[in-house]
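Undergrad: Residue numbers (our numbering): 97 to 231.
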Ligand code: THU
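1) Cβ of residue 142 within 6 Å of any heavy atom in ligand 1?
2) Can you find at least 3 beta carbon pairs, one from the stretch 160–169 and one from the stretch 118–131, that sit closer than 8 Å?
3) Can you say whether residue 101 is buried or exposed, counting buried as having 16 or more other CB atoms within 10 angstroms of its CB?
4) If you check the beta carbons only, do residue 73 and residue 201 fall under 7 Å apart?
5) Would the beta-carbon of residue 112 be found less than 6 Å away from any heavy atom of ligand 1?
6) Could you check if residue 181 is buried or exposed, using at least 16 other CB atoms within 10 Å of its CB as the buried criterion?
7) Of the choices 137, 105 and 126, whose alpha-carbon is the least far from that of residue 120?
8) Under a three-way DSSP split, which group does residue 211 fall into?
9) Have a look at 168, 158, 98 and 147 and flag the residue whose alpha-carbon is nearest the alpha-carbon of residue 211.
10) Mapping the DSSP letters down to three states, classify residue 182 as helix, strand or coil.
11) So residue 170 packs on residue 203, CB below 8 Å; how close in whole Å?
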């Protein structure tokens, strides 16, 4: 699995987005350490606050299938321009992969590389867990 394949999977996953309220479709593809890819798309709700972002859909699919370590995330928004994961998604990604590589692809196929660490340098970490981990 290379970066191009992962980005293509994010673009493909975007087709399943359910976004009748915003009209803004997002696709994500999360590469697990096992080599397996978990895709996600945003799923909106008529009660707007219940909307789930593409990134979190991918994470919950992966963790619920037993995968907890990740090496890269590809993200595809709608239209021109790069989108960045929202703060809530960054916190959820940081739980499992604080140094995760993120590849963001835009309409022309152009892409940017960033990371969870760069976008959320100080994620919240519960004190007890920090001590348990020896961090
Ligand atoms: N959205 C995502 O799925 N991921 C992001 O990184 C940013 C925003 C979704 C949520 C909502 O369905 C739509 O984009 C517009 O905010």
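Built from N, CA and C at the ideal position, the CB exists for glycine as well.
Predicted, not measured: the structure shown is a model, and the values here were computed from it.
TA: Reading from the atomic positions:
1) no
2) yes
3) exposed
4) Nothing in the structure corresponds to residue 73, since the chain is present only between 97 and 231.
5) no
6) Buried, since its Cβ has 16 or more Cβ neighbours within 10 Å.
7) 137
8) strand
9) 168
10) Here residue 182 sits in coil by DSSP.
11) At roughly 14 Å, the Cβ-Cβ gap does not stay under 8 Å, so residue 170 and residue 203 are not in contact.
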